[in-house]
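To get this note's numbering, take the position in the sequence shown, counting from 1, and add 30. For each residue, glycine too, the CB sits at the ideal point set by N, CA and C. Here's the structure we're looking at; comments come further down.
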Amino acid sequence: MSLLAEYRHDRTALMLFLGALMTEASGQLHQLHPDRRLDLTERFMSWARAR
C-alpha cells in the first residue's frame with residue numbers, strides 16, 4: 031500500500047511520519063558525511079504536500 035493511500039484521511043500524520051524519517055535519514059547521512067550539510071526537506075516532504 032502506498033503512503034498516500036494509507037494516510038489519505040490524515041495528511042498531518044503523514045507529514046509527521048515523513049518528518050521523523052527525514053530526521054533519521056539526516057542523522058545517518060551526517061554519520062557517513064560529517065562535513066556535508068544536506069537539506070532533505072524537499073526530497074521527503076514536497077511530494078506529500080496538499081495540492
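To the nearest whole angstrom, what separates the beta carbons of residue i and residue j, a pair I think is in contact under 8 Å?
{"i": "Met75", "j": "Leu51", "result": "At roughly 10 Å, the Cβ-Cβ gap does not stay under 8 Å, so Met75 and Leu51 are not in contact."}
Quick one: grab the DSSP three-state call for residue i.
{"i": "Ser32", "result": "coil"}
{"i": "Arg67", "result": "coil"}
{"i": "Arg38", "result": "coil"}
{"i": "Arg73", "result": "helix"}
Kindly list the residues whose CB is nearer than 8 Å to the CB of residue i, restricted to its own chain and excluding five residues on each side of it in sequence; keep chain order.
{"i": "Leu34", "result": "Leu44 and Ala78"}
Checking 8 Å against the spacing of the C-beta atoms, do residue i and residue j come in under that value?
{"i": "Leu59", "j": "Leu46", "result": "no"}
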